[in-house]
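Data block below; observations after.
Residue numbers (my numbering): 26 to 419.
Structure representation (structure tokens):
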């Protein structure tokens with residue numbers, strides 16, 4: 026048990042090493058001026074005056090987006106008749122932000138939120154976990170839909186940057202295809218009877234390691250498929266939050282103003298590349314996507330024909346605001362430390378219990394396989410003791 030706990034902590038710190046190592050590499054690579062294009066490096070950009078009005082605007086927009094996202098989770102919780110007040114939703118949401126941004130432990134902020142609201146009703150734990158799963162899925166789908174819709178509109182209106190960039194057009198097409206397939210699948214899911222839903226969940230549980238998580242996600246989607254109004258309202262909230270998030274990034278790209286305004290990416294460009302960058306940094310490689318987000322935006326700016334350093338400095342400016350919000354979450358965490366620690370311990374116990382059940386299941390399966398092989402071997406021995414027509418040999 027102690028060994029497994031240590032491994033989880035080492036994994037958490039390894040993620041920090043990967044994230045900050047990648048961030049250091051990106052900063053080192055783009056620190057000096059580009060000798061080929063003459064584009065300023067990060068060293069030159071941070072030496073310029075800071076436009077604090079853009080930084081404050083980005084902070085206000087990011088805070089507004091977070092408020093909407095936490096309220097969306099509150100609606101998902103109440104849709105399943107789980108006990109939770111708006112105040113608790115925001116308290117737990119800020120603690121979750123702190124965990125996901127800074128804390129190198131094995132337990133994520135999302136699980137803390139789920140277990141906390143189910144603490145008084147352990148039998149509702151599956152539903153509580155379903156709320157955070159769907160909340161994450163809805164957020165990612167909202168970003169994909171955002172690119173598909175607004176990118177298509179900008180493309181149709183003849184935006185010069187989109188019309189002349191095949192890579193941006195490809196992003197719009199791919200996100201439109203994913204969004205269309207997701208909506209179609211969600212609609213068709215409503216025609217499945219309960220018995221088939223349960224049967225498919227049992228099949229998903231058969232997958233090693235990830236089977237239980239897949240089955241829980243499947244049941245979560247099914248539960249919310251029966252509540253379409255909540256999903257529609259949640260997507261409307263997501264759309265508003267994503268508008269605020271993209272505008273926050275647009276503002277952060279102007280915190281270090283260039284000598285020539287033509288170096289700045291336009292709003293239509295950010296409507297396409299900012300959500301893609303946020304999706305990439307959601308990959309759980311490093312806490313808060315540190316390093317991953319900077320590398321992603323450097324690459325996306327390069328695809329747009331812009332200087333990668335502008336994308337990196339924009340993401341770093343917004344990350345400063347995210348860290349400040351994370352510190353607010355830390356203050357809330359300090360006020361709830363005893364409760365949160367108790368819930369964190371419960372999460373770890375459940376994870377260890379699940380691992381033991383999985384190992385026990387694997388061991389039983391191996392025993393069954395060995396028994397089956399022994400049975401086959403006995404059968405083959407009996408066959409060899411017979412002639413070709415089943416009679417004993419002479």
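Ideal placement from N, C-alpha and C gives every residue a C-beta, glycine not left out.
{"query": "Just to confirm, are residue 346 and residue 79 a CB contact at a threshold of 9 Å?", "result": "no"}
{"query": "Nearest CA to the CA of residue 328: which residue from 292, 191, 264?", "result": "191"}
{"query": "What three-state label does DSSP hand residue 381 in the structure shown?", "result": "Model confidence at residue 381 stands at a pLDDT of 49, short of 50, so the residue's coordinates are unreliable and nothing is read from them."}
{"query": "Can residue 70 and residue 333 be called in contact, C-beta distance under 9 Å?", "result": "no"}
{"query": "Evaluate contact between the stretch 264 to 280 and the stretch 177 to 188, counting only Cβ atoms and requiring at least three cross-stretch pairs below 8 Å.", "result": "no"}
{"query": "Is residue 310 helix, strand or coil by DSSP?", "result": "coil"}
{"query": "Within 10 angstroms of its Cβ, does residue 138 collect 16 or more other Cβ (buried), or is it exposed?", "result": "buried"}
{"query": "Between residue 199 and residue 184, what straight-line distance do the alpha-carbon atoms span, to the nearest angstrom?", "result": "19 Å"}
{"query": "For residue 65, which of 149, 98, 52 has the nearest alpha-carbon?", "result": "52"}
{"query": "Can you tell which of 60, 126, 168 has its C-alpha closest to the C-alpha of residue 309?", "result": "126"}
{"query": "Find the nearest neighbour of residue 271 within the set 167, 323, 98, judged by alpha-carbon distance.", "result": "167"}
{"query": "Among 311, 360, 82, whose alpha-carbon lies nearest the alpha-carbon of residue 36?", "result": "311"}
{"query": "So, do the stretch 104 to 122 and the stretch 72 to 90 have three or more beta carbon pairs nearer to each other than 8 Å?", "result": "no"}
{"query": "Among 294, 263, 301, whose alpha-carbon lies nearest the alpha-carbon of residue 160?", "result": "263"}
{"query": "So, helix, strand or coil for residue 371, using DSSP?", "result": "helix"}
{"query": "Taking 9 Å as the cut-off, decide whether the C-beta atoms of residue 142 and residue 241 are in contact.", "result": "no"}
{"query": "Comparing C-alpha positions only, which one of 261, 245, 234 sits nearest to residue 105?", "result": "245"}
{"query": "Comparing C-alpha positions only, which one of 366, 99, 231 sits nearest to residue 255?", "result": "99"}
{"query": "Using the rule of at least 16 other Cβ atoms within 10 Å of the residue's Cβ for burial, across every protein chain shown, is residue 123 buried or exposed?", "result": "buried"}
{"query": "Going straight from the alpha carbon of residue 234 to that of residue 170, what length do you get?", "result": "30 Å"}
{"query": "In whole angstroms, what separates the C-alpha of residue 135 from that of residue 90?", "result": "17 Å"}
{"query": "Does the stretch 316 to 326 come within contact of the stretch 339 to 357, defined as at least 3 CB pairs closer than 8 Å?", "result": "yes"}
{"query": "In chain order, which continuous runs of the beta strand (DSSP E) of length 3 or greater are located wholly inside the stretch 173 to 204?", "result": "none"}
{"query": "Which word fits residue 42, buried or exposed, when buried means at least 16 other C-beta atoms lie within 10 angstroms of its C-beta?", "result": "exposed"}
{"query": "In whole angstroms, give me the CA-to-CA distance for residue 366 and residue 288.", "result": "48 Å"}
{"query": "Mapping the DSSP letters down to three states, classify residue 108 as helix, strand or coil.", "result": "coil"}
{"query": "Report all residues from its chain with a CB closer than 6 Å to the CB of residue 318; omit the five preceding and five following residues, and keep chain order.", "result": "306, 340"}
{"query": "Write down the C-beta distance between residue 371 and residue 140 rounded to the nearest angstrom, noting that I regard them as a contact closer than 8 Å.", "result": "6 Å"}
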